[in-house]
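The sequence shown begins at 16 in the working numbering and counts up one residue at a time.
Don't be surprised by glycine CBs; every beta carbon is placed ideally from N, CA and C.
These numbers were taken from a predicted model, which means no experiment stands behind them.
Please read the structure below before turning to the comments.
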Amino acid sequence: MTMVFTLIILVYLIMVESVTLFIKNDCIRQTISSAFGFLLKSK
16 MTMVFTLIIL VYLIMVESVT LFIKNDCIRQ TISSAFGFLL KSK
């Protein structure tokens with residue numbers, strides 16, 4: 016049971032780390048914002 020719990024925590028931490036790195040990446044963020052802007056304009 017403890018093993019499963021530890022595994023869940025590890026996966027959660029990795030996910031949080033990936034999301035943080037993803038948000039920090041300015042190039043990706045600019046691409047997303049421009050894509051959102053394009054979608055909003057087309058509506």
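Residue range of the unbroken alpha helix (DSSP H) whose run includes residue i
i          : result
residue 30 : 17 to 39
C-alpha distance - residue i paired with residue j, whole-angstrom precision
i          : j          : result
residue 41 : residue 27 : 23 Å
residue 37 : residue 44 : 8 Å
residue 39 : residue 32 : 11 Å
residue 57 : residue 48 : 14 Å
residue 23 : residue 29 : 10 Å
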